[in-house]
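As they're listed, the protein sequences go chains A and B. Take the first sequence: its letters are residues 18 to 318, numbered as in this note's numbering. Take the second sequence: its letters are residues 187 to 453, numbered as in this note's numbering. Think of the CB as a built atom: it goes at the ideal place given N, C-alpha and C, for glycine as much as any other residue. All remarks here apply to the structure that follows.
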Amino acid sequence: MAGQAVGHSGWGRRAAILIPYLWLIAFFLAPFLIVLKISISTTAIAQPPYTPVWDSMGAALTHLATPNLGNYSFLFDDPLYIDSYLNSLKVAGLSTLIALLIGYPMAYGIARSSRNWRGALLTLVILPFWTSFLIRVYAWVGILKTEGILNAFLLWTGVISEPLQIHFTPTAVYIGIVYSYLPFMILPLYSTLEKLDESLLEAAADLGARPFTTFWRVTLPLSMPGIAAGCFLVFIPAVGEFVIPELLGGSSTQMIGRTLWNEFFQNRDWPLASSVAVLLLMVLVVPIMIFQRYARREGTG
Amino acid sequence: MRRGPGLFLKGAMALGFAFLYAPILILMLYSFNASKLVTVWGGFSTRWYVELWSNTALLDAAWVSATVAATASTLATVLGVMAGYSLARVPRFLGRTLFSGMVLAPLVMPEVITGLSLLLAFISVSMDRGFVTIVIAHATFSMCYVAIVIQARLAGFDQSVEEAAEDLGARPATVFRRITLPLIMPGVISGWLLSFTLSLDDLVIASFTSGPGSTTLPMKIFSSVRLGVTPEINAIATILIGLVAMGTIFWSLALKRAEANRLRAAQ
């Protein structure tokens, strides 16, 4: 199988391929096939709460012949699921756009800075990525809640007379997603903008282009790979996000990651949770494939 | 000559960095607040840090997290180095496309799906959930990050040194130990540190794969955050941020010095 490495490979090289390969098959690929299997089985009250489809190979085969698609049709019948899918796509899409609008000028500014500054500024972008995601989301709870810091500050300055309700609204979810994923937008943008050939901009300016025209016609098209990579890196994880909608959005924002979690931990309907997972992956498979193709091209190029 | 950023870009950077840092700084500041209320500043106090030491549930969870992270990141580093080496140095083997796909996929897979699928897999082979299952789950997604770091580092080095050693009669294991490993060492350490922080930070996958008695720190923090903001959580968050920031700064300084030495040696 995978061990048949081409070339003058010894046992060491074969093991280097085979061990991680088998690990990923066992703990990444196989579990996903099990989810696929359970998503077409029927719910039962027993523990585990589903009727197993794995009893024997024979049973598994008959099941494949007559799959139970009841869970899937249920997903399409109940507007809760469709709504949370569409809402996830909407929230993730809009957050990606906002992150791009904030991240682009930051990345461009860093790329334009002097050599000494660039290193320090990049560290400042990367540092939040190393600090706990949960803690960064939690920090916003203290700021945004009704008796939180933002409201106290705005009341004190007299800008508002009544505390604003931001916590547990979709606005809070947008703030949380943009805040958490902004570094993922800035880094790929920076790496394309940093490589930008300065002489092209000078040529455009020499030919009489105004700064905005130069940006619009030269800089922006050349930074398209960075824009695409940054958008994928924000959009894909944001669609399945659980922590942010749970802590900042509450019941006001139903996103699919939260629906799956509730289906599993509260309703204990494992087959239904599995079908939610399978459909979520189907929604994401196209952007993930595009991203992988892009990542591979970057890796080889 | 590179033009410096204009006023607009400078303003955007200032606002952007304020947005990135203000929430963390506010949280750290309020961990030293004597008052229990978030909005009231009751004076400087370290009382929440003192109270932390008597919160055994939180300390237990921190210990579980630390041991899980140390084990999982070591396992992830070993697996990830093998995977990254294979992808960078073995151009063709059967199923290479599937392999590289499986290395990249966990990076973009929603956590809820990874968690759910691993849990159902553990149940289907009737494996008890606890320390071991969390370690397996964390090692699986972390190894992919390590593999990518290693692959990128190896791609930056020319293979000729390794080939020269082989031509001079060194066995593959010797070439790896004496040449390849020293070259990728900064990547190995970065990969381990990255795996450690990813494991320490994970809430969703740990919630699916943990069992009774193996509550991790993020799970504990999450359940208390649901009940509201408490100064104790601010205190433990500040400690975690401080540790990670110190580690990151220390490691990047060490890398910079090593790089400077390498450049000096090359001259």
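W249 (chain B) is classed as exposed because its beta carbon has fewer than 16 other beta carbons within 10 Å across all chains shown. Across the set B:T257, B:F285, B:G266 and B:F308, the C-alpha of B:F308 shows the shortest separation from the C-alpha of G397 (chain B).
Between M199 (chain B) and T424 (chain B), the beta carbon gap of about 26 Å keeps them out of contact (Cβ cut-off 8 Å). Listed by position along chain B, the residues whose Cβ is nearer than 7 Å to that of G274 (chain A) are P296 and V298.
G193 (chain A) and S131 (chain A) have their alpha carbons spaced roughly 31 Å apart. Within chain B, the residues whose beta carbon sits less than 7 Å from that of P48 (chain A) are S303, L304, L306 and A307, listed in sequence order. Of all alpha-carbon atoms in B:R282, B:K222 and B:V294, the one lying nearest the alpha-carbon of G159 (chain A) is that of B:K222. By the Cβ rule, the region 332-350 of chain B does not count as touching the region 45-52 of chain A, because fewer than three pairs are nearer than 8 Å. For the region 321-379 of chain B, the full-length alpha helix (DSSP H) segments reaching 4 residues or more read 346-353 and 358-361 along the chain. Rounded to the nearest whole angstrom, the CA to CA distance from I322 (chain B) to A333 (chain B) is 16 Å. Rounded to the nearest angstrom, the gap between the Cα atoms of R364 (chain B) and N284 (chain A) is 55 Å.
In chain order, A156 and G159 make up the part of chain A whose C-beta sits under 7 Å from the C-beta of L213 (chain B). Within the region 179-264 of chain A, the complete alpha helix (DSSP H) runs of at least 4 residues fall at 187-211, 215-223, 228-231 and 241-256.
Against chain B, the beta carbon of G126 (chain A) has neighbours under 7 Å at P191, L195, K196, A198 and M199, listed in chain order. Rounded to the nearest angstrom, the gap between the Cα atoms of D387 (chain B) and F259 (chain A) is 14 Å. Setting aside the 5 residues that flank it on each side, L238 (chain B) is surrounded in the same chain by L244, E418, A421 and I422, each with a C-beta closer than 7 Å to its C-beta; the list follows chain order. In the DSSP assignment, N219 (chain B) is bridged to B:F230. The DSSP-derived three-state label of L403 (chain B) is helix. For V267 (chain B), the enclosing alpha helix (DSSP H) stretches over residues T242 to R275. Taking the Cα of I177 (chain A) as reference, the smallest distance to any Cα among A:T163, A:A33, A:G274 and A:G136 is reached at A:T163. Residues of chain B with a Cβ closer than 8 Å to the Cβ of V256 (chain A) are, in chain order, P296. By the CB criterion at 8 Å, V251 (chain A) and A116 (chain A) fall inside the cutoff. Assignment of T416 (chain B) by DSSP, reduced to helix, strand and coil, places it in the coil class. Between N241 (chain B) and G228 (chain B), the CB-CB gap reaches or exceeds 8 Å.
Neighbours of D387 (chain B) in chain A, taken as residues whose beta carbon is under 7 Å from its own, are S149, F150 and L151 in chain order.
Taking a Cβ-Cβ threshold of 7 Å, the residues of chain B close to T140 (chain A) are S438, in chain order. With respect to L206 (chain A), I244 (chain A) sits close: the two C-beta atoms are nearer than 8 Å. For the region 358-369 of chain B, the set of residues with a beta-carbon nearer than 9 Å to any beta-carbon of chain A comprises P358, A359 and F362, in chain order. A distance below 7 Å between beta-carbons, with the five flanking residues on each side excluded, links R315 (chain B) to the following residues of its chain, in chain order: F308, T395, S396 and G397.
Proximity of chain A to P292 (chain B) at the Cβ level (cut-off 8 Å) is accounted for by F45, in chain order. Going by beta carbons, A291 (chain B) and F382 (chain B) fall outside the 8 Å limit. Short of 6 Å from the beta carbon of H324 (chain B), and not among the five residues preceding or following it, lie these beta carbons of its own chain, in chain order: A258 and S385. DSSP, read as helix, strand or coil, puts Q309 (chain A) in helix. Counted as a single uninterrupted DSSP element, the stretch harbouring E164 (chain A) is not any alpha helix (DSSP H), since DSSP gives it neither H nor E. In the three-state DSSP reduction, T113 (chain A) falls in the helix class (H, G or I).
Interface residue (Cβ-Cβ distance to chain B less than 8 Å): V190 (chain A) is not classified as such.
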